[in-house]
Amino acid sequence: VPPSRVTLLTDFGTRDGYVAAMRGVIAQISPEAVVEDASHEVPPGDVLFAAWTLARYWNLYPTGTVHVVVVDPGVGSSRRGVIVQADERYLIAPDNGVLTRALSDAQQQRAFEISNASLLRQPISTTFHGRDVFAPVAAHLANGTAVSAFGPSIDSLVTIEMPEPRRAGGVIHGVVVMSDHFGNLVTNIPGDWISRNACVEVGGVAVGALRSTYADAAPGETLALIGSLELLEISVRDGSAEETLRIGRGSAIRVIT
Amino acid sequence: VPPSRVTLLTDFGTRDGYVAAMRGVIAQISPEAVVEDASHEVPPGDVLFAAWTLARYWNLYPTGTVHVVVVDPGVGSSRRGVIVQADERYLIAPDNGVLTRALSDAQQQRAFEISNASLLRQPISTTFHGRDVFAPVAAHLANGTAVSAFGPSIDSLVTIEMPEPRRAGGVIHGVVVMSDHFGNLVTNIPGDWISRNACVEVGGVAVGALRSTYADAAPGETLALIGSLELLEISVRDGSAEETLRIGRGSAIRVIT
Amino acid sequence: VPPSRVTLLTDFGTRDGYVAAMRGVIAQISPEAVVEDASHEVPPGDVLFAAWTLARYWNLYPTGTVHVVVVDPGVGSSRRGVIVQADERYLIAPDNGVLTRALSDAQQQRAFEISNASLLRQPISTTFHGRDVFAPVAAHLANGTAVSAFGPSIDSLVTIEMPEPRRAGGVIHGVVVMSDHFGNLVTNIPGDWISRNACVEVGGVAVGALRSTYADAAPGETLALIGSLELLEISVRDGSAEETLRIGRGSAIRVIT
Chain A
-15 VPPSRVTLLT DFGTRDGYVA AMRGVIAQIS PEAVVEDASH EVPPGDVLFA AWTLARYWNL
45 YPTGTVHVVV VDPGVGSSRR GVIVQADERY LIAPDNGVLT RALSDAQQQR AFEISNASLL
105 RQPISTTFHG RDVFAPVAAH LANGTAVSAF GPSIDSLVTI EMPEPRRAGG VIHGVVVMSD
165 HFGNLVTNIP GDWISRNACV EVGGVAVGAL RSTYADAAPG ETLALIGSLE LLEISVRDGS
225 AEETLRIGRG SAIRVIT
Chain B
-15 VPPSRVTLLT DFGTRDGYVA AMRGVIAQIS PEAVVEDASH EVPPGDVLFA AWTLARYWNL
45 YPTGTVHVVV VDPGVGSSRR GVIVQADERY LIAPDNGVLT RALSDAQQQR AFEISNASLL
105 RQPISTTFHG RDVFAPVAAH LANGTAVSAF GPSIDSLVTI EMPEPRRAGG VIHGVVVMSD
165 HFGNLVTNIP GDWISRNACV EVGGVAVGAL RSTYADAAPG ETLALIGSLE LLEISVRDGS
225 AEETLRIGRG SAIRVIT
Chain C
-15 VPPSRVTLLT DFGTRDGYVA AMRGVIAQIS PEAVVEDASH EVPPGDVLFA AWTLARYWNL
45 YPTGTVHVVV VDPGVGSSRR GVIVQADERY LIAPDNGVLT RALSDAQQQR AFEISNASLL
105 RQPISTTFHG RDVFAPVAAH LANGTAVSAF GPSIDSLVTI EMPEPRRAGG VIHGVVVMSD
165 HFGNLVTNIP GDWISRNACV EVGGVAVGAL RSTYADAAPG ETLALIGSLE LLEISVRDGS
225 AEETLRIGRG SAIRVIT
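Taken in sequence, the protein lines are chains A, B and C. Under our numbering, the first residue of the first sequence carries the number -15, and numbering increases by one thereafter. Under our numbering, the first residue of the second sequence carries the number -15, and numbering increases by one thereafter. Under our numbering, the first residue of the third sequence carries the number -15, and numbering increases by one thereafter.
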């Protein structure tokens, strides 16, 4: 049997030992589980950023993987915790919309509220559900506990509004949804909407037709290409588009087809 | 048998490959050991910070876990390395007081000097005992080598002075002991010292009675609550108390009971 | 049998989930492989930095370890991907010279081009070969696939020029090759070239004879010692030589023997 696998996505940073506290709790309950760090550098409380980050990897992992997401500005309030079984992986998170983007890719899903106190760490702190709620749930799932054991099934989840691209009169209108470590600007425009001879505009300035890769631009040149999420991205070769263009999340992108 | 588990807490950062050097040495000696990163972002040489960080997780891990701490401004000097067996976990560190806070929570402990050169990597560099001393010791412990094999038992350890809270005339006097990634200010005042109607003061300014959680404050408001270490913490909802209040380690906190 | 082990060295950062995407792909193909992070903080596109970082750990790991290096400014161009079997470890990287420093320490090596598309993730994006090329290759190697299955053997690799130290008239001339997280300046001068009474000069200023360790200098003092790579290093005790001396990669170092 392959090992049970748990990934962790949080805004805790890696300095203070909060992630280690979660890992310790998991190891107590499920010593054989393999725990991997997805990211702990989500900007504090940035649910939208986490939603997009999760989309980069959740369905690349094997079926059975348990993905934990703790970006949780409402910790300690009445917001509930949930488990969603989607395409044979498990997603564990506060019910604050952080799963919206991942679930929009899922073929199949069912959701459960986390309410069975006997499967949580007691007493539950009001500020650290990563340690006291989400880590034990992940560990018990890794041990094979049935998802229905954690609480009742639920019909709907909180969602966050994801900006949708639209087409109007030969023009595609989209926005930047996130920037990455390199300063690449990821948009919400699907790569397969864009023809080879379309012209991409950022802030009213044309950056030209799609390139195949960074090497097709001159060093320092701004370019448009289809990135690894199969979405339109704006980049600067050997540089940062975010810094060069001084735009970011929410900035308008147009494609003249 | 569950896997042997080793955690690493250092001030090495994650950029330069120093942690990988430790991991490689451990893997050579104990290929089955599971190695986890607790934190490598301790401020360089900040033994007190590491002492508090260790306290966040060490006893959440299963018995048998080997916790390595390498925050070691005296590397290469005559300071010794030690192994402390505490509450059935192992703590490996330079004898510079970095274990003080964790051991103050332990029910039972015994300490050994690291002196058996045959269990270390040779030659031992004068600047990187993480690789040449502490990693091999961790790996051999993970393999089941008896703690007494590494050197003689010792009666006392170097300690660092941890500021103690005190009560005087209806007032609790404490200090901030650390801030975290979110800018929360952790104090040394135990949560169970504070009654529900006590008033918390920071820098002479009242922040009011304890709240249960962040959501009980308005966005941007300063609040006091009992954090996940069961100590009084000062926070700003959806913000950083450290930045808002411009205080940090050592700042005085008063609670009027 | 000990587990197959894969290490990852990239310039992806840890924020965006790119590393998790690689880990997911590896887990799908080789669920039992142990995957470790070496560093993801290589400055973007800095092949030379990665080359030195790899040298810190690659041959400390057990034989059979698969080391993946993805610092790849030419991703999507015609540069090829390679596997080098060196001293019984595997090194997987773009053929851009990033292996130069590690291979200069190897006793034995043979190289293969990555060209067997059936062992890669399809379709291959033009911007993320870490996920689509290097991760699957690492996972298949971890599964025991023969190195020759990935493509033809090749006779030469791209190399980067590594500055060489030289001796002239009783003076050793070298340069700083990297600085680390603590601000220590690593030079290219081998420790065993330097006699105990030689005088080290940085920027024309004498820092004196070699010390054995940091503790032999006063706090704040600049010192020269032999670091953990067995190379001359310049440090400031309890401080950063990089910040204090305001020098870095490429700066000249002289040793008067």
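The C-beta atom is built at its ideal place from N, Cα and C for all residues, glycine as well.
Using a Cβ-Cβ cut-off of 6 angstroms (strictly less than) and excluding sequence neighbours within five positions of A/Ser235, which residues of its own chain qualify?
Val160
Between the Cα of B/Ala122 and those of B/Arg151, B/Ile210, B/Leu75, B/Thr228, spot the shortest distance and give me the residue it belongs to.
B/Leu75
With B/Val(-10) as the anchor, note down where its alpha helix (DSSP H) starts and where it stops.
Note, B/Val(-10): premise wrong, no alpha helix (DSSP H); beta strand (DSSP E) at -11 to -6.
What number of angstroms, rounded off, separates the C-alpha of A/Thr206 from the C-alpha of A/Gln106?
53 angstroms
Along the chain, which unbroken stretches of the alpha helix (DSSP H) at least 4 residues long are found entirely within the segment 74 to 138 of chain B?
84 to 87, 119 to 126
At what residues does the alpha helix (DSSP H) containing C/Glu227 begin and finish?
225 to 229
Spatial distance of B/Asp176 from C/Ala190 (CA atoms)
58 angstroms
Would you say A/Arg195 faces chain B, with C-beta separation under 8 angstroms as the test?
no
Three or more C-beta pairs closer than 8 angstroms, one from the segment 147 to 160 of chain A and one from the segment 190 to 201 of chain A: is that the case here?
no
Do C/Arg115 and A/Ser212 count as a contact pair if the criterion is CB distance below 8 angstroms?
yes
Just tell me which of B/Gly158, B/Ala202, B/Ser163 has its CA closest to the CA of B/Val184.
B/Gly158
Run down chain B in chain order and give the residues with a C-beta less than 9 angstroms from the C-beta of C/Tyr198.
Pro57, Gly58, Val59, Gly60, Ser61, Thr110, Thr111
Let me make sure I understand the geometry here. Which of C/Gln69, C/Pro57, C/Gln12 has the alpha-carbon closest to that of C/Arg94?
C/Gln69
Bridge partner(s) assigned by DSSP for A/Val155:
A/Ala152, A/Ile240
Under 8 angstroms, with one C-beta from each stretch per pair, do the segment 29 to 48 of chain C and the segment -2 to 7 of chain B reach the 3-pair mark?
yes
Go through its chain and collect everything with a Cβ distance to B/Pro174's Cβ below 8 angstroms, but skip five positions before and after it.
Pro149, Glu214, Leu215, Leu216
Status (buried if at least 16 other CB within 10 Å, exposed otherwise) for C/Thr111
buried
Along the chain, where does the alpha helix (DSSP H) that runs through B/Thr37 open and close?
31 to 39
Between the Cα of C/Gly29 and those of A/Leu194, A/Ile240, A/Tyr198, spot the shortest distance and give me the residue it belongs to.
A/Tyr198
Which of helix, strand or coil DSSP assigns to A/Asn172
strand
Among A/Val50, A/Asn80, A/Arg180, which residue has its Cα nearest to the Cα of A/Ala119?
A/Val50
Can you find the residues in the same chain that come closer than 6 angstroms, C-beta to C-beta, to C/Arg(-11), ignoring five residues on each side of it along the sequence?
Val18, Thr49
So with CB distances below 9 angstroms, who are the chain A contacts of B/Ser14?
Chain A residues near B/Ser14: none, gap ~16 angstroms exceeds 9 angstroms.
Between the CA atoms of C/Asn43 and B/Ser14 - distance to the nearest angstrom:
16 angstroms
Report yes if the C-beta distance between B/Gly81 and B/Val31 is below 8 angstroms; otherwise report no.
yes
Is the CB of C/Gly154 under 8 angstroms away from at least one CB in chain B?
no
Leaving aside the five residues before and after A/Ala85 along the sequence, list all residues of the same chain whose C-beta is less than 8 angstroms from its C-beta, in chain order.
The residue you asked about is not Ala; residue 85 of chain A is Arg in the sequence shown. Closer than 8 angstroms at the Cβ level, and outside the excluded window around A/Arg85, lie Ala35, Trp36, Leu38, Ala39, Met146.
Per-residue contacts from A/Tyr45 into chain C (C-beta, under 9 angstroms):
Ala4, Arg7, Gly8, Val9, Ala11, Gln12
Cβ shell of C/Glu97 (< 7 angstroms), same chain only, five flanking positions each side left out:
Arg64, Val66, Gly135, Pro136, Ile138
Mind listing, in chain order, the continuous beta strand (DSSP E) runs of no fewer than 3 residues lying wholly within the segment 187 to 212 of chain B?
189 to 192, 206 to 210
In three-state DSSP terms, what is A/Gly8?
helix
A/Val160, DSSP secondary structure in three states
strand
Can you find a C-beta in chain A that's less than 8 angstroms from the C-beta of B/Glu20?
yes
Span of the beta strand (DSSP E) holding A/Ala22?
18 to 23
What does B/Thr37 reach in chain C if we use C-beta pairs closer than 7 angstroms?
Per Cβ cutoff of 7 angstroms: no residues; B/Thr37 is ~17 angstroms from chain C at best.
Let me make sure I understand the geometry here. Which of C/Arg238, C/Leu169, C/Thr241, C/Ala22 has the alpha-carbon closest to that of C/Ile231?
C/Leu169
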